[in-house]
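Heads up: the structure comes next, in structure tokens.
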Amino acid sequence: MSNKLSIRSKKIELRRNQHGKHKRGAIKFVQNPGFTGPSFSPWVDVGEVYLSTIRPNVGDQSAFFAVQPGRSASLRQRVTLEAPGTLGYRLIYSILADRYNNRGAFQVSFLNTGIGRTFQLADVGFRNYQTFQIDFTSAAINNRSFVDLEFRVNGAGNRPSFLFLDTVVIVPRSS
């Protein structure tokens, strides 16, 4: 199988002679949750984060963070929320670290709230995507109709920190 890697205008493409199937599902609240468009829009990307076809979780693309030591990169989106479930909301996302370039940290947070989580990249799986979730209530986000969702990778050590992010959804939580 021949592969060709090219970097153009914040997009990484890997062309193969065989392509995976594109999966579709019901996705709520988050726009461009699988990074399927020609750009990150409406996500705001800061730093070394790219659209990648190398290792998507679902669909044809994922977000790929390639962060130098001492630097950071982020993706942020203001997400408009619909009515919550009886128990609030659930954020679901999938991440995959690189086996050898994993000395940094990964953070997910709802800005201006106390809701978030931090992982060391070395603790994130590198063979298959791992799916994580954060449950939150309307009260935890001050009963707002939106949240500012941010994913960030902070580089550390003496090599770049690599991470793939894919399949970001927020759904009503009833159980």
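If you're matching positions, the sequence shown starts at 1 in the UniProt record's numbering and goes up one per residue.
Glycine included, C-beta positions come from ideal geometry on N, C-alpha and C.
Looking at the DSSP output, F35 sits in no beta bridge, so it has no partner there. When secondary structure is reduced to three states using DSSP, A66 falls in the strand class.
CA-to-CA, the gap between N158 and F64 works out to about 19 Å.
Around the C-beta of A66, 16 or more other C-beta atoms lie within 10 Å, and the residue is accordingly described as buried. Counting along the chain, I170 sits inside the beta strand (DSSP E) bounded by residues S161 to P172.
For a cut-off of 8 Å, the C-beta gap from V168 to Y93 is around 5 Å, short enough to register as a contact. For the pair F126 and D98, the CB atoms are nearer than the 9 Å cut-off.
Within the same chain, and ignoring the five residues on either side of V153 in sequence, the residues whose Cβ sits closer than 6 Å to its Cβ are F65, V67, A73, G104, F106, S161 and L163.
Per DSSP, reduced to three states, the secondary structure at A83 is coil, with no helix or strand assignment. Separation of V30 and Y100 (C-alpha to C-alpha, rounded to the nearest whole angstrom) is 31 Å.
The alpha-carbon of V147 is positioned some 11 Å away from that of Y89.
For L111, the three-state secondary structure derived from DSSP is coil. In the three-state reduction of the DSSP assignment, I95 falls in the strand class. Note on geometry: alpha-carbon atoms of V171 and P42 lie some 18 Å from one another. Nearest Cα to N102 within the set G116, D123, N112 and A83: D123.
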